[in-house]
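Data block below; observations after.
2 protein chains.
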Amino acid sequence: MNPMDIGFMQQAIQEAQLASASGEVPVGAVIVAAGRIIARSHNQTELLKDPTAHAEMLAITSAANYLGSKYLNECTLYVTVEPCPMCAGAIGWAQLGSLVYGASDDKRGYSIFAPSALHPKTVVRSGVMAEEAGHLMQAFFGKRRR
Amino acid sequence: MNPMDIGFMQQAIQEAQLASASGEVPVGAVIVAAGRIIARSHNQTELLKDPTAHAEMLAITSAANYLGSKYLNECTLYVTVEPCPMCAGAIGWAQLGSLVYGASDDKRGYSIFAPSALHPKTVVRSGVMAEEAGHLMQAFFGKRRR
Chain C
169 MNPMDIGFMQ QAIQEAQLAS ASGEVPVGAV IVAAGRIIAR SHNQTELLKD PTAHAEMLAI
229 TSAANYLGSK YLNECTLYVT VEPCPMCAGA IGWAQLGSLV YGASDDKRGY SIFAPSALHP
289 KTVVRSGVMA EEAGHLMQAF FGKRRR
Chain Y
169 MNPMDIGFMQ QAIQEAQLAS ASGEVPVGAV IVAAGRIIAR SHNQTELLKD PTAHAEMLAI
229 TSAANYLGSK YLNECTLYVT VEPCPMCAGA IGWAQLGSLV YGASDDKRGY SIFAPSALHP
289 KTVVRSGVMA EEAGHLMQAF FGKRRR
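As given, the protein sequences belong to chains C and Y, one line each in that order. Positions 169 to 314 (our numbering) are the ones given, in order, by the first sequence. Positions 169 to 314 (our numbering) are the ones given, in order, by the second sequence.
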């Protein structure tokens with residue numbers, strides 16, 4: 169386990185907690201370049217009434233804007249839950265250097281539904297703080313069902 | 169062939185021509201609800217320096233904003249070229265009623281790389297004005313290679 173990963177994933181989890189507090193599915197993301205966070209975001213599909221407003225999408229748009237480039241080869245995206253095919257496709261177009269995610273998503277995760285959506289050069293690490301990230305999701309959906 | 173499809177696809181092709189004139193990969197889209205265009209857009213990844221700014225993504229965000237709903241079950245999305253996995257994922261989340269596209273995309277198309285990204289209820293029609301849509305793409309990439 170990369171010790172840097174823990175610190176950045178904790179920041180992504182803080183974003184997921186913000187989502188949860190606003191009634192959004194709790195997914196958070198940060199993008200890191202040269203050891204610094206250059207973009208952070210959480211899912212805002214309800215607030216924006218926009219099905220594309222996933223944490224990863226907002227973070228990618230924000231980081232690309234910050235760098236003035238649509239390619240993010242030198243960046244690492246941290247996200248609390250495995251990206252869906254939409255987000256994996258965006259990660260593919262942006263050619264992210266690395267993708268680090270927490271909890272797996274057997275129902276919507278790209279690794280099942282769009283395994284080749286990422287750019288072949290993107291390095292993937294998974295399972296980082298998966299328990300915390302997954303617990304946020306379970307608590308959210310548990311509450312919604314009640 | 170649905171005769172309505174031709175008229176709306178012509179509008180999407182007009183959008184693709186706008187993209188081409190701005191040096192963007194020429195893909196255009198319109199979204200129709202109750203027989204009216206409620207959103208129109210073209211690829212703007214270069215202008216916005218945003219890898220997520222595909223024609224379909226911008227149109228979905230715009231239509232959802234117009235309707236105040238993140239679901240577009242009653243809408244039809246017309247797009248000149250087969251959506252990529254990112255856009256297909258967004259079409260899936262938005263639960264589009266119908267997707268109509270022109271030219272197929274063997275290199276990036278969702279039907280090869282993310283065949284289950286769409287919502288199962290979305291009706292798909294393909295090949296509508298495929299020749300015109302494909303010709304725009306070939307002319308664009310031919311010019312870029314020269």
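We put the CB at the ideal spot given by N, CA and C, even for glycine.
C-beta contact flag for residue i and residue j at 8 angstroms
{"i": "residue 191 of chain C", "j": "residue 224 of chain C", "result": "no"}
{"i": "residue 243 of chain C", "j": "residue 222 of chain C", "result": "no"}
{"i": "residue 246 of chain C", "j": "residue 180 of chain C", "result": "yes"}
{"i": "residue 271 of chain C", "j": "residue 310 of chain C", "result": "no"}
{"i": "residue 220 of chain C", "j": "residue 229 of chain Y", "result": "yes"}
{"i": "residue 265 of chain Y", "j": "residue 291 of chain Y", "result": "yes"}
{"i": "residue 296 of chain Y", "j": "residue 172 of chain Y", "result": "no"}
Which listed residue (the options) has its alpha carbon closest to that of residue i
{"i": "residue 194 of chain Y", "options": "Y/201, Y/268, Y/250", "result": "Y/250"}
{"i": "residue 187 of chain C", "options": "C/294, C/236, C/216, C/201", "result": "C/216"}
{"i": "residue 183 of chain Y", "options": "Y/173, Y/172, Y/208", "result": "Y/208"}
{"i": "residue 267 of chain C", "options": "C/281, C/273, C/274, C/241", "result": "C/241"}
{"i": "residue 282 of chain Y", "options": "Y/313, Y/300, Y/291, Y/257", "result": "Y/257"}
{"i": "residue 277 of chain C", "options": "Y/295, Y/273, Y/284", "result": "Y/284"}
{"i": "residue 203 of chain C", "options": "C/218, C/226, C/174, C/189", "result": "C/174"}
Sequence-distant residues of the same chain with beta carbon closer than 7 angstroms to residue i, five excluded per side
{"i": "residue 279 of chain C", "result": "250"}
Minimum Cβ-Cβ distance from residue i to chain Y less than 8 angstroms
{"i": "residue 305 of chain C", "result": "no"}
{"i": "residue 238 of chain C", "result": "yes"}
{"i": "residue 206 of chain C", "result": "no"}
{"i": "residue 289 of chain C", "result": "no"}
{"i": "residue 266 of chain C", "result": "no"}
{"i": "residue 275 of chain C", "result": "no"}
{"i": "residue 220 of chain C", "result": "yes"}
{"i": "residue 171 of chain C", "result": "no"}
{"i": "residue 232 of chain C", "result": "yes"}
Sequence-distant residues of its chain with Cβ nearer than 6 angstroms to residue i (five each side left out)
{"i": "residue 232 of chain Y", "result": "238"}
{"i": "residue 211 of chain C", "result": "187, 192, 193, 195, 222, 223"}
{"i": "residue 227 of chain C", "result": "197, 199, 207, 209"}
Beta carbon proximity, residue i to chain C, threshold 8 angstroms
{"i": "residue 213 of chain Y", "result": "yes"}
{"i": "residue 228 of chain Y", "result": "yes"}
{"i": "residue 284 of chain Y", "result": "yes"}
{"i": "residue 281 of chain Y", "result": "yes"}
{"i": "residue 257 of chain Y", "result": "yes"}
8 angstroms CB neighbourhood of residue i in its chain, flanking five on each side removed
{"i": "residue 252 of chain C", "result": "222, 273, 276, 277, 278, 281"}
*For the stretch 260 to 296 of chain C, list the alpha helix (DSSP H) runs that are entirely contained and at least 4 residues long, ordered along the chain.*
278 to 281
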